[in-house]
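Final position of the sequence shown in the working numbering is 467; the numbers increase by one with none missing.
Ideal Cβ placement from N, Cα and C applies to all residues, glycine included.
Everything on this sheet refers to the single structure shown next.
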Amino acid sequence: MRYISTRGEAPALGFEDVLLTGLATDGGLYVPESLPHFSLEEIRSWRGLPYAELAYKVMCPFVEDAIPADDFRKMLDETYSVFSHQAVAPLVQLDTNEWVMELFRGPTLAFKDFALQLLGRLLDYVLEKRNQHVVIMGATSGDTGSAAIEGCRRCEHVDIFILHPHQRVSEVQRRQMTTVQGDNIHNIAVKGNFDDCQRMVKESFGNQSFLGGKTQLAAVNSINWARIMAQIVYYFQASLALGGPDRSMAFSVPTGNFGDIFAGYLAKKMGLPISQLVIATNRNDILHRFMSGNKYEQHQLEHTLSPSMDIMVSSNFERLLFDLHGRDGAAVKALLENAAKGPVSIEDYRWKHARKLFDSDAVDDKTTCDTIRDVYGQNEYLLDPHTAIGVRAARNCRRDSAVPMITLGTAHPAKFPDAIAESGLSVKPQLPAHMADLFEREERYTVLDNNVSEVQGFIAKHWKNA
Ligand SMILES: *Cc1c(COP(=O)(O)O)cnc(C)c1O
């Protein structure tokens, strides 16, 4: 399998290189040159497989001979055995034909574990084979940082440095990062805001001379292809559990960077019968505005009760735009260069095609809280604010009540106690048993000034072979 850039000018890469590469050299994102397609018969034959085995079936065409089958199987077994539910991605029924798929049974209680637990292992495997080392550098305002750290804690060929804004992440989120022990794990609290952290990461990727040529930076942000790949699997899992592929399914996906829902779109293209995909956003609704009015336009960032979806632009959307433009990299490049300067639209027939593929909705904080309260009242089931947005959008956009509607449950409610409190419920979401002592665990992090050379100096001094 070869991977090509959405902007058409970077060299095509194989799986191993795509794994180690973030953005393509032309500024685009990598996508598979062609997608595998599974027949209904083949998908049907996967019914009842354990999650890790299904993951192997779905992902092996993307990996091909980069990793021998036995090694890949073993890696997947390990990856999904750290989840705290035997089914890995269990389904919970909310109503007749309405479900939540709980994707928060991993170590950091958010769906990002599905991809990052695998990504850490894939990276280490490839680096071992190549006798290489990398430094992962990333900025986080919450979920991604902890999932990335958990994913890399056992990697021998990776040091990870995660920058978070000092005193500006929630205590649960900070502790999920800073209590992970490991010599290769480095948390940096920057005396600045998230944008400052992100700027320093960007600048460091642009000029890596501070590492003295002895190692190189790698990224694990949501544009990494392997993350999308890992997320395709659970669409198959949910469908098979509810009678697919002999009936079609609808999915509602709480969306920020368009990663998770893009994986659903790929599952459909790979042969899984999906009749509806709902893009569920919070007030940062650039995708919903595009879907309803064919205008892609950045607005000011709003801080909401669903912080993991607080984005201004949606980076993975570029991958869909590439398909909508008949995989014409030059057209995507021109469009996105214009989008950086102001609002853009696409040709009407292309936009109409996008509207056939997706429905969309934007849900504000008040409606998020109403939904948390409603669903708790109906079922004594507690939704986290991101999942609540998915459920609300599912109910608003549903087209056919005979088709199972599955909302992706992206986080455990205990990660976001403020939203639960704001919804007026007096129940306190409990951390699961394996995390109950989070507040007693020892924390390790270094506070640094909002100064890129100080941060780079720290990294240069503290990675494994420095
Ligand atoms: C990251 C995240 C999202 C958004 O996922 P995208 O792939 O960026 O669309 C939604 N909910 C939670 C809890 C997240 O952590």
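Query, Result
"Going by DSSP in three states, proline 33 sits in which element: helix, strand or coil?", "strand"
"Closest to alanine 434 by CA distance: which of Asp66, Leu55 and Arg106 is it?", "Arg106"
"Let's see if you can read the secondary structure: which residues bound the alpha helix (DSSP H) around glutamate 103?", "No alpha helix (DSSP H) holds glutamate 103; the beta strand (DSSP E) holding it covers 99-103."
"Whole-angstrom Cβ separation of tyrosine 350 and tryptophan 226, contact assumed at under 8 angstroms?", "At roughly 28 angstroms, the Cβ-Cβ gap does not stay under 8 angstroms, so tyrosine 350 and tryptophan 226 are not in contact."
"Is the beta carbon of methionine 310 within less than 7 angstroms of some heavy atom of ligand 1?", "yes"
"Report back the beta-carbon spacing between alanine 239 and isoleucine 407 to the nearest angstrom; my notes put them in contact at under 8 angstroms.", "5 angstroms"
"Can you grab the Cα-Cα spacing for the pair isoleucine 44 / histidine 38, in whole Å?", "10 angstroms"
"By the 10 Å Cβ neighbour count, where 16 or more other Cβ atoms means buried, how is valine 254 classified, buried or exposed?", "buried"
"Going by C-alpha distance, which of Ile137, Val159 and Thr141 is nearest phenylalanine 206?", "Ile137"
"Is the Cβ-Cβ distance between alanine 281 and glycine 391 less than 8 angstroms?", "yes"
"Quick one: is the Cβ of phenylalanine 252 within less than 7 angstroms of any heavy atom of ligand 1?", "no"
"The alpha helix (DSSP H) that contains proline 386, what's its start and end?", "386-398"
"Do isoleucine 68 and tyrosine 4 have their C-beta atoms within less than 8 angstroms of each other?", "no"
"Return helix, strand or coil for serine 253, following the three-state DSSP convention.", "strand"
"Report the three-state DSSP secondary structure of histidine 165 (helix, strand or coil).", "strand"
"Have a look at alanine 355 and leucine 288 and give me their C-alpha separation to the nearest angstrom.", "11 angstroms"
"By the three-class DSSP mapping on this structure, what secondary structure does alanine 341 have?", "coil"
"Are aspartate 385 and alanine 422 touching if we call contact CB-CB under 8 angstroms?", "no"
"Just to confirm my understanding: we take aspartate 261, look at its own chain, exclude 5 residues before and 5 after, and list those with CB closer than 8 angstroms. What are they?", "Phe112, Gln232, Val254, Pro255, Leu409 and Thr411"
"Under the assumption that aspartate 362 contacts alanine 394 (Cβ atoms under 8 angstroms), give the Cβ distance between them as a whole number of angstroms.", "4 angstroms"
"Please indicate yes or no: does the CB of serine 361 lie closer than 7 angstroms to some heavy atom of ligand 1?", "no"
"Hey, how far is the Cα of arginine 154 from the Cα of arginine 169?", "24 angstroms"
"Going along the chain, which residues of its own chain have a beta-carbon closer than 7 angstroms to the beta-carbon of proline 62, five neighbours each way excluded?", "Met2 and Pro37"
"Hey, tyrosine 235 and leucine 358: beta-carbon distance below 8 angstroms or not?", "no"
"With DSSP as the reference, label alanine 266 as helix, strand or coil.", "Note on residue identity: the sequence assigns tyrosine, not alanine, to residue 266. If DSSP states are grouped into helix, strand and coil, tyrosine 266 belongs with the helices."
"Does the distance between the C-beta of proline 433 and the nearest non-hydrogen atom of ligand 1 fall short of 7 angstroms?", "no"
"So what does DSSP say about serine 454, is it helix, strand or coil?", "helix"
"Alpha carbon to alpha carbon, how far is threonine 447 from lysine 130?", "32 angstroms"
"Does any heavy atom of ligand 1 sit closer than 7 angstroms to the C-beta of lysine 113?", "yes"
"Going by Cα to Cα distance, which pick from Ala461, Gly23 and Gln457 is closest to arginine 228?", "Gly23"
"At which residues does the alpha helix (DSSP H) containing valine 173 begin and terminate?", "172-179"
"Since I believe asparagine 132 is in contact with lysine 465 (beta carbons under 8 angstroms), could you give me their beta-carbon distance rounded to a whole number of angstroms?", "14 angstroms between Cβ atoms; not a contact."
"Could you tell me whether any Cβ in chain C is nearer than 8 angstroms to the Cβ of leucine 432?", "Considering every chain present, this structure includes no chain C. It has just one protein chain."
"Just the Cα atoms here: how many angstroms apart are alanine 535 and glutamate 444?", "Outside the displayed range of the chain (2 to 467) lies residue 535, so it cannot be described from this structure."
"Pull up the DSSP beta-bridge partners for methionine 406, would you.", "Glu99 and Ala251"
"Measure the C-alpha to C-alpha separation of glycine 272 and phenylalanine 440 and round it to an integer number of angstroms.", "45 angstroms"
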